[in-house]
Amino acid sequence: MILILRFYPMGLNQIGYTTVVVTILFLTLSVIAIGLRVKARHLKRASLGPDDWFSLASTGFFFAFCANIMVCVFTRGSGQVYQDPAESERQKVMYLKALYAITPLYVVDVTLVKLSILFLYRRIFSNCESRRTNSFVIAICLFWFSIAVISGLLYCRPIRQQWDPHAGGDCFDFSLYFLIMTLADLVIDIVILSFPIPPIIRLRLPLRKRVAVAGIFLLGAFVLVTGAVRISYVYRHGERHVAHADAILWSVINLGIAIICACLPTYPPLLSLFRRQRQGSSKHGAQSPRGINSSSANRTYNHVQGESKDSDPYWWGYIDDGQGWTARRKSEYMKTPEYNKELRRQLRRERKANKGRVPVPQAAYGQGGYGQRPY
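Each residue of the sequence shown is one higher than the last, beginning at 1 in UniProt numbering.
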(Lines of atoms letter the chains of each structure in order from A and count residues from 1; the text may use other names and numbers.)
(Lines give C-alpha, C1' and ligand atoms only; values in the text may rest on other atoms or scores of the structure.)
Protein backbone atom coordinates (compact mmCIF):
# COMPACT_ATOMS: atom_id res chain seq x y z
CA MET A 1 0.00 0.00 0.00
CA ILE A 2 2.88 2.37 0.77
CA LEU A 3 4.31 1.77 -2.70
CA ILE A 4 0.94 2.59 -4.28
CA LEU A 5 0.70 5.86 -2.36
CA ARG A 6 4.07 7.04 -3.67
CA PHE A 7 2.83 6.97 -7.25
CA TYR A 8 0.02 9.44 -6.62
CA PRO A 9 0.60 13.18 -6.98
CA MET A 10 1.14 15.26 -3.88
CA GLY A 11 -1.62 17.43 -2.51
CA LEU A 12 -3.92 14.78 -1.02
CA ASN A 13 -4.36 14.48 2.70
CA GLN A 14 -4.44 11.16 4.58
CA ILE A 15 -8.15 10.50 4.04
CA GLY A 16 -7.74 11.28 0.34
CA TYR A 17 -4.84 8.83 -0.09
CA THR A 18 -6.73 6.17 1.87
CA THR A 19 -9.83 6.63 -0.28
CA VAL A 20 -7.83 6.26 -3.51
CA VAL A 21 -6.10 3.06 -2.35
CA VAL A 22 -9.30 1.52 -0.96
CA THR A 23 -11.19 2.36 -4.16
CA ILE A 24 -8.58 0.68 -6.37
CA LEU A 25 -8.48 -2.34 -4.05
CA PHE A 26 -12.24 -2.94 -4.07
CA LEU A 27 -12.55 -2.29 -7.81
CA THR A 28 -10.00 -5.06 -8.35
CA LEU A 29 -11.66 -7.44 -5.87
CA SER A 30 -15.12 -6.83 -7.35
CA VAL A 31 -13.89 -7.70 -10.85
CA ILE A 32 -12.27 -10.89 -9.52
CA ALA A 33 -15.45 -11.79 -7.60
CA ILE A 34 -17.74 -11.36 -10.61
CA GLY A 35 -15.28 -13.24 -12.83
CA LEU A 36 -15.28 -16.20 -10.44
CA ARG A 37 -19.07 -16.09 -10.35
CA VAL A 38 -19.29 -16.36 -14.13
CA LYS A 39 -16.72 -19.18 -14.07
CA ALA A 40 -18.80 -21.05 -11.49
CA ARG A 41 -21.86 -20.83 -13.73
CA HIS A 42 -19.77 -22.13 -16.63
CA LEU A 43 -18.67 -25.12 -14.53
CA LYS A 44 -22.34 -25.91 -13.84
CA ARG A 45 -23.02 -25.76 -17.59
CA ALA A 46 -25.71 -23.17 -16.90
CA SER A 47 -26.46 -19.85 -18.55
CA LEU A 48 -26.39 -16.63 -16.57
CA GLY A 49 -29.56 -16.07 -14.56
CA PRO A 50 -31.23 -12.83 -13.40
CA ASP A 51 -29.16 -12.87 -10.20
CA ASP A 52 -25.95 -12.98 -12.25
CA TRP A 53 -27.05 -10.12 -14.48
CA PHE A 54 -27.97 -7.99 -11.46
CA SER A 55 -24.54 -8.73 -10.03
CA LEU A 56 -22.85 -7.72 -13.30
CA ALA A 57 -24.91 -4.52 -13.39
CA SER A 58 -23.96 -3.70 -9.79
CA THR A 59 -20.28 -4.07 -10.69
CA GLY A 60 -20.74 -1.71 -13.63
CA PHE A 61 -22.45 0.89 -11.45
CA PHE A 62 -19.70 0.41 -8.87
CA PHE A 63 -17.19 1.56 -11.49
CA ALA A 64 -19.33 4.64 -12.19
CA PHE A 65 -19.65 5.29 -8.46
CA CYS A 66 -15.88 5.02 -7.95
CA ALA A 67 -15.18 7.32 -10.92
CA ASN A 68 -17.41 9.89 -9.26
CA ILE A 69 -15.53 9.34 -5.99
CA MET A 70 -12.24 10.10 -7.75
CA VAL A 71 -13.66 13.41 -8.97
CA CYS A 72 -14.50 14.31 -5.37
CA VAL A 73 -11.07 13.31 -4.07
CA PHE A 74 -9.03 15.13 -6.72
CA THR A 75 -11.00 18.40 -6.68
CA ARG A 76 -11.80 19.55 -3.14
CA GLY A 77 -12.28 16.30 -1.21
CA SER A 78 -8.74 16.04 0.18
CA GLY A 79 -8.17 19.46 1.65
CA GLN A 80 -6.77 21.01 -1.55
CA VAL A 81 -6.01 24.74 -1.49
CA TYR A 82 -5.95 26.73 -4.75
CA GLN A 83 -4.23 30.10 -5.05
CA ASP A 84 -6.27 31.21 -8.06
CA PRO A 85 -9.80 32.22 -6.92
CA ALA A 86 -11.32 31.32 -10.31
CA GLU A 87 -9.72 27.87 -10.29
CA SER A 88 -10.78 27.36 -6.69
CA GLU A 89 -14.39 28.18 -7.56
CA ARG A 90 -14.34 25.89 -10.60
CA GLN A 91 -12.97 22.97 -8.55
CA LYS A 92 -15.54 23.63 -5.85
CA VAL A 93 -18.41 23.44 -8.34
CA MET A 94 -17.05 20.17 -9.77
CA TYR A 95 -16.72 18.75 -6.26
CA LEU A 96 -20.27 19.69 -5.26
CA LYS A 97 -21.75 18.28 -8.48
CA ALA A 98 -19.91 14.99 -7.96
CA LEU A 99 -21.03 14.97 -4.33
CA TYR A 100 -24.63 15.44 -5.48
CA ALA A 101 -24.36 12.37 -7.75
CA ILE A 102 -22.99 10.11 -5.00
CA THR A 103 -26.35 9.44 -3.31
CA PRO A 104 -28.33 8.22 -6.38
CA LEU A 105 -25.37 6.16 -7.64
CA TYR A 106 -24.94 4.52 -4.24
CA VAL A 107 -28.65 3.77 -3.89
CA VAL A 108 -28.87 2.25 -7.39
CA ASP A 109 -25.79 0.10 -6.82
CA VAL A 110 -26.76 -1.21 -3.39
CA THR A 111 -30.27 -2.00 -4.67
CA LEU A 112 -28.82 -4.03 -7.56
CA VAL A 113 -26.76 -6.02 -5.04
CA LYS A 114 -29.87 -6.71 -2.95
CA LEU A 115 -31.82 -7.84 -6.03
CA SER A 116 -28.93 -10.09 -7.03
CA ILE A 117 -29.08 -11.86 -3.66
CA LEU A 118 -32.87 -12.09 -3.65
CA PHE A 119 -33.03 -13.56 -7.16
CA LEU A 120 -30.34 -16.05 -6.16
CA TYR A 121 -32.60 -17.11 -3.27
CA ARG A 122 -35.50 -17.27 -5.72
CA ARG A 123 -33.56 -19.74 -7.86
CA ILE A 124 -32.45 -21.91 -4.92
CA PHE A 125 -35.62 -21.87 -2.78
CA SER A 126 -38.39 -22.39 -5.33
CA ASN A 127 -41.35 -23.44 -3.18
CA CYS A 128 -44.46 -21.24 -3.10
CA GLU A 129 -43.99 -19.94 0.44
CA SER A 130 -40.39 -18.89 -0.20
CA ARG A 131 -41.34 -17.20 -3.47
CA ARG A 132 -44.11 -15.19 -1.80
CA THR A 133 -41.75 -14.03 0.94
CA ASN A 134 -39.09 -13.30 -1.65
CA SER A 135 -41.49 -11.18 -3.73
CA PHE A 136 -42.49 -9.23 -0.62
CA VAL A 137 -38.86 -8.44 0.24
CA ILE A 138 -38.20 -7.40 -3.38
CA ALA A 139 -41.15 -5.01 -3.17
CA ILE A 140 -39.73 -3.51 0.05
CA CYS A 141 -36.33 -3.05 -1.64
CA LEU A 142 -37.90 -1.27 -4.60
CA PHE A 143 -39.94 0.96 -2.28
CA TRP A 144 -36.80 1.91 -0.33
CA PHE A 145 -35.00 2.52 -3.62
CA SER A 146 -37.73 4.88 -4.85
CA ILE A 147 -37.81 6.92 -1.64
CA ALA A 148 -34.02 7.12 -1.37
CA VAL A 149 -33.45 8.19 -4.99
CA ILE A 150 -36.25 10.76 -5.13
CA SER A 151 -35.35 12.36 -1.81
CA GLY A 152 -31.64 12.27 -2.70
CA LEU A 153 -32.22 14.02 -6.01
CA LEU A 154 -34.53 16.61 -4.43
CA TYR A 155 -32.19 17.28 -1.53
CA CYS A 156 -32.07 20.94 -2.58
CA ARG A 157 -34.85 22.92 -4.24
CA PRO A 158 -33.97 24.02 -6.84
CA ILE A 159 -31.38 21.34 -7.57
CA ARG A 160 -28.86 23.98 -8.64
CA GLN A 161 -28.76 25.16 -5.04
CA GLN A 162 -26.56 22.12 -4.30
CA TRP A 163 -23.55 23.70 -6.06
CA ASP A 164 -24.65 27.32 -6.54
CA PRO A 165 -25.54 29.07 -3.27
CA HIS A 166 -26.68 32.15 -5.22
CA ALA A 167 -29.50 30.20 -6.89
CA GLY A 168 -31.82 30.70 -3.92
CA GLY A 169 -33.98 28.03 -2.34
CA ASP A 170 -33.24 25.69 0.55
CA CYS A 171 -31.87 22.21 1.36
CA PHE A 172 -33.32 19.84 3.94
CA ASP A 173 -31.47 18.24 6.86
CA PHE A 174 -29.23 15.79 5.01
CA SER A 175 -27.80 14.32 8.22
CA LEU A 176 -31.25 13.19 9.38
CA TYR A 177 -32.03 11.84 5.88
CA PHE A 178 -28.77 9.87 5.90
CA LEU A 179 -29.52 8.33 9.31
CA ILE A 180 -33.09 7.28 8.43
CA MET A 181 -32.26 5.81 5.02
CA THR A 182 -29.14 4.01 6.27
CA LEU A 183 -30.99 2.45 9.22
CA ALA A 184 -33.74 1.29 6.85
CA ASP A 185 -31.04 -0.14 4.59
CA LEU A 186 -29.56 -2.10 7.52
CA VAL A 187 -32.97 -3.50 8.48
CA ILE A 188 -33.55 -4.70 4.90
CA ASP A 189 -30.09 -6.30 4.90
CA ILE A 190 -30.92 -8.17 8.12
CA VAL A 191 -34.15 -9.47 6.55
CA ILE A 192 -32.29 -10.60 3.42
CA LEU A 193 -29.56 -12.35 5.41
CA SER A 194 -32.08 -14.18 7.61
CA PHE A 195 -34.23 -15.26 4.64
CA PRO A 196 -32.41 -18.57 3.85
CA ILE A 197 -32.06 -19.71 7.47
CA PRO A 198 -35.49 -21.47 7.85
CA PRO A 199 -35.19 -23.44 4.57
CA ILE A 200 -31.64 -24.49 5.47
CA ILE A 201 -32.76 -25.69 8.92
CA ARG A 202 -35.43 -27.85 7.26
CA LEU A 203 -32.88 -29.56 4.99
CA ARG A 204 -32.26 -33.23 5.71
CA LEU A 205 -28.54 -32.79 6.14
CA PRO A 206 -26.14 -33.43 9.02
CA LEU A 207 -25.88 -30.51 11.42
CA ARG A 208 -22.30 -29.81 10.35
CA LYS A 209 -23.32 -29.42 6.71
CA ARG A 210 -26.31 -27.25 7.57
CA VAL A 211 -24.08 -24.95 9.60
CA ALA A 212 -21.61 -24.79 6.71
CA VAL A 213 -24.33 -23.91 4.18
CA ALA A 214 -25.80 -21.27 6.49
CA GLY A 215 -22.31 -19.86 7.06
CA ILE A 216 -21.85 -19.29 3.33
CA PHE A 217 -24.98 -17.15 3.20
CA LEU A 218 -24.24 -15.37 6.48
CA LEU A 219 -20.89 -14.12 5.21
CA GLY A 220 -22.94 -11.15 4.03
CA ALA A 221 -23.05 -10.06 7.68
CA PHE A 222 -19.83 -8.17 6.92
CA VAL A 223 -22.06 -5.71 5.05
CA LEU A 224 -23.99 -5.05 8.27
CA VAL A 225 -20.73 -4.38 10.12
CA THR A 226 -19.49 -1.89 7.53
CA GLY A 227 -22.92 -0.25 7.41
CA ALA A 228 -22.93 0.24 11.18
CA VAL A 229 -19.37 1.61 11.11
CA ARG A 230 -20.41 3.92 8.29
CA ILE A 231 -23.15 5.42 10.44
CA SER A 232 -20.86 5.87 13.44
CA TYR A 233 -18.20 7.65 11.37
CA VAL A 234 -20.47 9.76 9.20
CA TYR A 235 -23.54 10.80 11.21
CA ARG A 236 -23.23 13.96 13.30
CA HIS A 237 -26.02 14.49 15.78
CA GLY A 238 -27.52 17.96 15.68
CA GLU A 239 -25.81 19.00 12.42
CA ARG A 240 -27.43 19.39 9.00
CA HIS A 241 -24.45 17.93 7.11
CA VAL A 242 -22.44 14.72 7.33
CA ALA A 243 -18.68 14.12 7.34
CA HIS A 244 -18.36 13.91 3.55
CA ALA A 245 -14.80 12.53 3.45
CA ASP A 246 -15.68 9.66 5.83
CA ALA A 247 -18.99 9.11 4.02
CA ILE A 248 -17.16 8.71 0.70
CA LEU A 249 -14.60 6.26 2.10
CA TRP A 250 -17.07 4.04 3.95
CA SER A 251 -19.52 4.05 1.05
CA VAL A 252 -16.80 2.53 -1.16
CA ILE A 253 -15.99 -0.09 1.50
CA ASN A 254 -19.65 -0.93 2.05
CA LEU A 255 -20.44 -1.35 -1.65
CA GLY A 256 -17.27 -3.32 -2.38
CA ILE A 257 -17.90 -5.81 0.42
CA ALA A 258 -21.58 -6.11 -0.59
CA ILE A 259 -20.67 -7.06 -4.18
CA ILE A 260 -18.08 -9.61 -3.03
CA CYS A 261 -20.37 -11.19 -0.41
CA ALA A 262 -23.23 -11.42 -2.94
CA CYS A 263 -20.99 -13.61 -5.13
CA LEU A 264 -19.73 -15.95 -2.39
CA PRO A 265 -22.76 -18.33 -2.29
CA THR A 266 -22.22 -19.13 -5.99
CA TYR A 267 -18.68 -20.49 -5.51
CA PRO A 268 -19.28 -24.16 -4.42
CA PRO A 269 -18.58 -25.47 -7.97
CA LEU A 270 -15.19 -23.75 -7.85
CA LEU A 271 -14.46 -25.24 -4.43
CA SER A 272 -15.49 -28.69 -5.67
CA LEU A 273 -13.18 -28.35 -8.66
CA PHE A 274 -10.30 -27.24 -6.45
CA ARG A 275 -10.93 -30.10 -4.00
CA ARG A 276 -11.03 -32.70 -6.80
CA GLN A 277 -7.81 -31.43 -8.32
CA ARG A 278 -6.10 -31.40 -4.95
CA GLN A 279 -7.29 -34.90 -4.05
CA GLY A 280 -6.34 -36.21 -7.48
CA SER A 281 -2.82 -34.82 -7.29
CA SER A 282 -2.27 -36.05 -3.72
CA LYS A 283 -3.68 -39.57 -4.16
CA HIS A 284 -2.35 -40.51 -7.55
CA GLY A 285 0.96 -38.62 -7.44
CA ALA A 286 3.25 -40.53 -9.77
CA GLN A 287 0.45 -42.53 -11.39
CA SER A 288 -0.84 -41.33 -14.71
CA PRO A 289 -4.38 -39.97 -14.29
CA ARG A 290 -7.23 -41.95 -15.70
CA GLY A 291 -9.54 -40.07 -18.01
CA ILE A 292 -13.22 -39.54 -17.77
CA ASN A 293 -15.35 -39.59 -20.85
CA SER A 294 -16.57 -35.99 -20.69
CA SER A 295 -18.94 -36.51 -23.60
CA SER A 296 -21.23 -38.53 -21.32
CA ALA A 297 -21.71 -35.74 -18.79
CA ASN A 298 -25.45 -35.93 -19.35
CA ARG A 299 -25.47 -39.39 -17.75
CA THR A 300 -25.43 -39.95 -14.04
CA TYR A 301 -21.82 -41.16 -14.18
CA ASN A 302 -19.47 -42.91 -16.55
CA HIS A 303 -16.53 -45.33 -16.43
CA VAL A 304 -13.01 -45.31 -17.80
CA GLN A 305 -12.94 -46.34 -21.45
CA GLY A 306 -11.89 -49.92 -22.15
CA GLU A 307 -11.93 -51.18 -18.56
CA SER A 308 -14.34 -53.19 -16.47
CA LYS A 309 -16.54 -51.20 -14.15
CA ASP A 310 -16.26 -53.78 -11.36
CA SER A 311 -12.51 -54.42 -11.56
CA ASP A 312 -11.30 -50.85 -11.87
CA PRO A 313 -10.45 -49.51 -8.35
CA TYR A 314 -9.99 -46.00 -9.70
CA TRP A 315 -13.29 -45.87 -11.52
CA TRP A 316 -14.87 -42.43 -11.16
CA GLY A 317 -18.47 -41.35 -11.56
CA TYR A 318 -19.92 -38.05 -12.66
CA ILE A 319 -22.89 -36.84 -10.65
CA ASP A 320 -24.90 -33.64 -10.46
CA ASP A 321 -24.99 -32.82 -6.75
CA GLY A 322 -26.87 -29.52 -7.20
CA GLN A 323 -23.66 -27.52 -7.09
CA GLY A 324 -22.25 -28.60 -10.43
CA TRP A 325 -20.83 -31.83 -11.83
CA THR A 326 -18.71 -33.60 -9.22
CA ALA A 327 -16.49 -36.64 -9.78
CA ARG A 328 -16.61 -39.38 -7.15
CA ARG A 329 -15.34 -42.93 -6.84
CA LYS A 330 -17.83 -45.68 -7.50
CA SER A 331 -17.53 -47.05 -3.97
CA GLU A 332 -18.10 -43.59 -2.49
CA TYR A 333 -21.00 -42.83 -4.78
CA MET A 334 -22.83 -46.06 -3.91
CA LYS A 335 -22.99 -44.90 -0.28
CA THR A 336 -24.66 -41.59 -1.08
CA PRO A 337 -28.36 -40.62 -1.19
CA GLU A 338 -27.88 -39.67 -4.85
CA TYR A 339 -27.12 -43.29 -5.72
CA ASN A 340 -30.27 -44.51 -3.93
CA LYS A 341 -32.36 -41.91 -5.75
CA GLU A 342 -30.93 -42.95 -9.10
CA LEU A 343 -31.52 -46.60 -8.25
CA ARG A 344 -35.16 -45.89 -7.39
CA ARG A 345 -35.61 -43.92 -10.62
CA GLN A 346 -34.15 -46.82 -12.62
CA LEU A 347 -36.47 -49.30 -10.91
CA ARG A 348 -39.48 -47.08 -11.71
CA ARG A 349 -38.41 -46.89 -15.35
CA GLU A 350 -38.05 -50.69 -15.50
CA ARG A 351 -41.43 -51.16 -13.83
CA LYS A 352 -43.06 -48.87 -16.37
CA ALA A 353 -41.28 -50.47 -19.32
CA ASN A 354 -42.34 -53.97 -18.19
CA LYS A 355 -45.99 -53.07 -17.55
CA GLY A 356 -45.86 -52.95 -13.79
CA ARG A 357 -43.90 -56.15 -13.18
CA VAL A 358 -41.45 -55.61 -10.32
CA PRO A 359 -37.90 -56.71 -11.23
CA VAL A 360 -35.78 -58.71 -8.85
CA PRO A 361 -33.41 -56.55 -6.73
CA GLN A 362 -30.35 -58.02 -8.45
CA ALA A 363 -31.63 -56.73 -11.77
CA ALA A 364 -30.62 -53.21 -10.81
CA TYR A 365 -27.03 -54.41 -10.59
CA GLY A 366 -27.10 -56.38 -13.83
CA GLN A 367 -27.00 -59.78 -12.10
CA GLY A 368 -30.23 -61.25 -13.41
CA GLY A 369 -33.77 -60.60 -14.49
CA TYR A 370 -34.47 -58.14 -17.25
CA GLY A 371 -33.10 -54.95 -15.68
CA GLN A 372 -29.96 -53.06 -16.57
CA ARG A 373 -27.51 -51.18 -14.41
CA PRO A 374 -28.55 -47.60 -13.65
CA TYR A 375 -25.12 -46.50 -14.85
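Where is the CB? At the ideal position from N, CA and C, for every residue including glycine.
The alpha helix (DSSP H) runs of length 4 or more contained entirely in the stretch 218-265 are, from start to end of the chain, 221-234, 244-263.
Under the three-pair Cβ rule at 8 Å, the stretch 265-281 counts as touching the stretch 39-57. Our two residues, Lys209 and Phe195, have alpha carbons roughly 18 Å apart in a direct line. A straight line joining the alpha-carbon of Leu193 with that of Gly220 spans about 7 Å. Taking all protein chains shown into account, Asp52 has 16 or more neighbouring C-beta atoms within 10 Å of its C-beta and is therefore buried. Between the stretch 64-78 and the stretch 89-107 there are three or more inter-stretch CB-CB distances shorter than 8 Å, so the stretches are counted as touching. Arg275 carries a helical assignment under DSSP once its states are collapsed to helix, strand and coil. Rounded to the nearest whole angstrom, the CA to CA distance from Asp109 to Glu342 is 43 Å. Within the same chain, and ignoring the five residues on either side of Gln161 in sequence, the residues whose Cβ sits closer than 8 Å to its Cβ are Ala167, Gly168, Gly169, Asp170, Cys171. Annotated three-state conformation of Asp173 is coil, per DSSP. Val73 and Leu255 have their C-alpha atoms spaced approximately 18 Å apart. Residue pairing by DSSP places Cys128 opposite no residue, since no beta bridge is assigned to it. Taken atom to atom, the span from the alpha-carbon of Ser55 to that of Arg278 is near 30 Å. Val229 and Ser58 have their C-alpha atoms some 22 Å from each other. Counting the other Cβ atoms within 10 Å of the Cβ of Phe274 gives fewer than 16, which makes it exposed. Only residues of its own chain outside the window of five on either side were considered, and among them Thr75, Arg76, Gln80, Tyr82 have a CB closer than 8 Å to the CB of Gln91, listed in chain order.
Taking a C-beta distance under 9 Å as the contact criterion, Val252 and Thr23 qualify as a contact pair. Only buried fits Gly227, as 16 or more other CB atoms lie within 10 angstroms of its CB. The Cβ-Cβ distance between Val149 and Thr182 does not fall below 9 Å. Taking 9 Å as the cut-off, the beta carbon of Ile34 is found closer than this to the beta carbon of Ile259.
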